[in-house]
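Below is one structure; the comments refer to it alone.
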Amino acid sequence: MMLEVKNVTKVFYSNKYEDLTALEDVSLFVAKGEFVSIIGPSGCGKSTLLEMIAGLLKPTSGDIYLNGQSITGKKGNTAYMPQKDVLFPWRTIIENVMIPLEVQGVKKAKAKQEALSLLPAFGLEQFADHYPEMLSGGMRQRVNFLRTFLFRKELMLLDEPFGKLDALTKMQMHKWLLKILEQLKQTVLLVTHDIEEAILLSDRIYVFSSRPGKIKREVVVTLDRPRTQEMITSSAFIEIKKQLFDLLKTD
0 MMLEVKNVTK
10 VFYSNKYEDL
20 TALEDVSLFV
30 AKGEFVSIIG
40 PSGCGKSTLL
50 EMIAGLLKPT
60 SGDIYLNGQS
70 ITGKKGNTAY
80 MPQKDVLFPW
90 RTIIENVMIP
100 LEVQGVKKAK
110 AKQEALSLLP
120 AFGLEQFADH
130 YPEMLSGGMR
140 QRVNFLRTFL
150 FRKELMLLDE
160 PFGKLDALTK
170 MQMHKWLLKI
180 LEQLKQTVLL
190 VTHDIEEAIL
200 LSDRIYVFSS
210 RPGKIKREVV
220 VTLDRPRTQE
230 MITSSAFIEI
240 KKQLFDLLKT
250 D
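The sequence shown begins at 0 in numbering that gives the first Met the number 0 and counts up by one.
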């Protein structure tokens with residue numbers, strides 16, 4: 000397996016308040032080329048888990064492996080796109096996109112050339128010299144996604160990437176992401192509150208309980224690929240959606 004999370008627990012200790020157990024004994028895996036989602040109630044530790052996989056937090060107990068090697072508490076092994084928009088407002092779109100390549104030591108001219116070559120695939124070729132404030136929320140998320148992709152890591156971690164978008168823009172982004180993922184063959188672990196989003200994009204879905212977060216069930220999405228928005232009204236899609244709703248409401 001590419002990613003293995005083994006018996007991970009995370010406790011936040013406090014001198015002033017009661018200790019908070021965010022996650023308890025969580026084990027999951029992501030195979031190469033898979034798109035896996037995590038859904039669950041607010042505050043169940045979904046984002047905390049992504050931060051631990053990204054090496055930004057260290058588990059209280061348990062281990063995290065990438066291709067058989069421990070990455071517990073180690074940064075720089077995955078590409079991580081947080082909930083918050085992290086584009087620098089003083090840099091143009093192309094300058095923002097170039098950042099991962101610059102961090103990797105690629106010379107500026109070459110980094111710009113490589114970034115420019117990918118803009119068309121992400122629908123950004125007309126916006127290279129724009130500033131983030133000039134773009135819509137959906138277009139900004141495309142920039143964030145491309146910048147995350149350019150970290151060139153096998154595993155991409157996405158934390159509620161479309162959570163702040165309106166319904167129409169989100170639907171357009173899903174359509175775009177389905178198309179781009181078919182091209183990239185990227186391995187992805189997604190955290191989302193959106194059940195339809197999880198079903199539409201995923202091969203498998205882990206359903207978390209309320210805090211402390213534990214895995215209640217792993218649901219395999221049997222819908223054929225390539226996926227389309229029209230699948231949302233199919234009986235197979237609706238059946239999976241009902242199963243996930245039932246799991247969440249019985250918490």
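Heads up, the beta-carbon is just placed ideally off N, CA and C, and yes, glycines get one too.
Could you work out which residue in the options is closest to residue i when comparing CA atoms only?
| i | options | result |
| --- | --- | --- |
| K83 | A53, E159, K45, E113 | E159 |
| G162 | I194, L22, P88, C43 | I194 |
| I70 | M1, Q112, T20 | M1 |
| K184 | D24, P225, H192 | P225 |
| L200 | L176, G44, V29 | L176 |
| E23 | K45, K31, Y16, F34 | K45 |
| I180 | G32, A21, E17, K5 | It is Leu, not Ile, that sits at residue 180 in the sequence shown. Taking only the C-alpha atoms, the option nearest L180 is G32. |
| V187 | R210, K241, M80 | M80 |
| V35 | L156, V105, Q242 | L156 |
| M230 | A197, S208, F244 | A197 |
| C43 | T191, V219, D245 | T191 |
| V219 | F144, N76, V206, P88 | V206 |
| R139 | L118, K152, Q228 | L118 |
| F126 | T91, K241, I98, E17 | T91 |
| E321 | R210, K174, W89, A78 | Residue 321 is absent from the model: the chain starts at 0 and stops at 250. |
| D174 | T227, G136, V105, S233 | Going by the sequence as given, residue 174 is Lys instead of Asp. When each option's Cα is compared against that of K174, the closest is T227. |
| R141 | R151, L149, M172, K73 | M172 |
| F150 | F121, M97, A108, M170 | M97 |
| D245 | S208, S233, Y64 | S208 |
| F11 | S26, L48, K74 | L48 |
| V25 | N14, E3, E17, S13 | E3 |
| Y64 | F28, I37, L56 | F28 |
| Q103 | Y16, F236, G75 | G75 |
Let me know if residue i comes out buried or exposed under the rule of 16 or more other beta-carbons within 10 Å of its beta-carbon.
| i | result |
| --- | --- |
| I239 | buried |
| A166 | exposed |
| T147 | buried |
| N255 | One cannot answer for residue 255 here, as it falls past the ends of the chain, which runs 0 to 250. |
| T249 | exposed |
| P58 | buried |
| G39 | buried |
| A114 | buried |
| P88 | exposed |
| T221 | exposed |
| A30 | exposed |
In three-state DSSP terms, what is residue i?
| i | result |
| --- | --- |
| D158 | strand |
| M1 | coil |
| T47 | helix |
| K15 | coil |
| T8 | strand |
| S233 | coil |
| L55 | coil |
| E238 | helix |
Please specify which runs of the alpha helix (DSSP H), each continuous and at least 4 residues long, are wholly inside the stretch 158-228, giving them in chain order. At a cut-off of 4 residues, the continuous stretches assigned as alpha helix (DSSP H) that sit fully inside the stretch 158-228 are 166-183, 194-200.
Do three or more CB pairs link the stretch 49-65 to the stretch 124-134 at distances below 8 Å? Taking 8 Å as the limit for Cβ pairs, the verdict is that the stretch 124-134 does not touch the stretch 49-65.
Please list the segments of the beta strand (DSSP E) lying wholly inside the stretch 63-104, counting only runs of 3 or more residues, in order along the chain. DSSP runs (the beta strand (DSSP E)) wholly in the stretch 63-104: 78-80.
Considering only residues of the stretch 103-158, which uninterrupted alpha helix (DSSP H) runs meet the minimum length of 4 residues and lie entirely inside it, listed in chain order? Listed in chain order, they are 107-117, 136-148.
Using 8 Å as the cut-off, can you tell me whether the stretch 0-16 makes contact with the stretch 215-231, which would need three or more C-beta pairs spanning the two stretches below that distance? Using a C-beta cut-off of 8 Å, the stretch 0-16 makes no contact with the stretch 215-231, since fewer than three inter-stretch Cβ pairs fall below that distance.
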